[in-house]
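Visitor: This structure is in structure tokens; I'll ask about it shortly.
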């Protein structure tokens, strides 16, 4: 298995586990970074994506579930594979509900780990693509004038041009001009695509 550029991060306070996993993954073409504590991983500033995190549930500072929560709070989009010698069903359910790729009890097979890593990296590639699209949409939104942004939000709520004109007390032609500029600046070919952009960045029908 050749995986150029894919770095796997391991957080486990058992140095023998870190060494064994590191040797295994490097033999399959992965790059590896290991950490003994959750805090050390969170402090690491050079994460390379696409990637995944192989995370022990029991750590000396905080447990793996707490690290999972901390990563979500920091918007670290790295899929997690939990490994544990002390796991139970409620713990695994909580981890999976929070988005973990897998929950592997020790000892686990090489095949199970590699399959989980393959799945995690595939997921991370999709996440990276999604985040890039969201970033691009947000950059385009910054080019809108206040009125154009307002029109964009109302179109995203499903309102027609004549409804927006009535709501704002301005002419239909003026709204059409604003909407045309919004479409151009947002690089949307259709209203459906414009609404898709709005959904991507979290505009909902309940927003005002």
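Numbering (the working numbering), first residue to last: 2 to 209. Built from N, CA and C at the ideal position, the CB exists for glycine as well. These numbers were taken from a predicted model, which means no experiment stands behind them.
Measuring CA to CA, which of 145, 203 and 100 is closest to residue 188?
Guide: Considering only alpha carbons, the answer is 145.
Visitor: Take the Cβ of residue 208 as the centre, count every other Cβ of all protein chains shown within 10 Å, and call the residue buried at 16 or more, exposed below.
Guide: Because residue 208 sits at a pLDDT of 44, beneath the cut-off of 50, its placement in the model cannot be relied upon, and the following sentence gives the value as read from the coordinates. Exposed is the call here.
Visitor: From residue 168 to residue 152, what does the alpha carbon distance come to, in whole angstroms?
Guide: Distance between the alpha carbons of residue 168 and residue 152 is about 11 Å.
Visitor: In terms of DSSP beta bridges, what is residue 57 paired with?
Guide: Per DSSP, 84.
Visitor: Between residue 157 and the rest of its own chain, which residues show a CB-CB distance below 6 Å, the 5 nearest in sequence each way excluded?
Guide: These residues qualify, in order along the chain: 196, 199 and 204.
Visitor: Under the three-state reduction of DSSP, which class applies to residue 8: helix, strand or coil?
Guide: Residue 8: strand per DSSP, three-state reduction.
Visitor: Who does residue 32 pair with in a DSSP beta bridge?
Guide: In DSSP, residue 32 forms a bridge with 8.
Visitor: So, using beta-carbon positions, are residue 19 and residue 125 closer together than 8 Å?
Guide: No.
Visitor: How would you label residue 85, buried or exposed, when you count the other beta carbons within 10 angstroms and need 16 or more for buried?
Guide: Classification of residue 85: buried, given that the 10 Å Cβ count is 16 or more.
Visitor: Less than 8 Å separating the beta-carbons of residue 56 and residue 111?
Guide: Contact: no.
Visitor: Candidates 37, 130, 82 and 134: which alpha carbon is nearest residue 115's?
Guide: Looking at the Cα atoms, 82 is the closest of the given residues.
Visitor: Pairs of beta-carbons, one from the region 128 to 144 and one from the region 58 to 70, closer than 8 Å: are there three or more?
Guide: The region 128 to 144 vs the region 58 to 70: no contact.
Visitor: Here's the rule: buried if 16 or more other CB atoms are within 10 angstroms of the residue's CB, otherwise exposed. What is residue 72?
Guide: So residue 72 ends up on the buried side.
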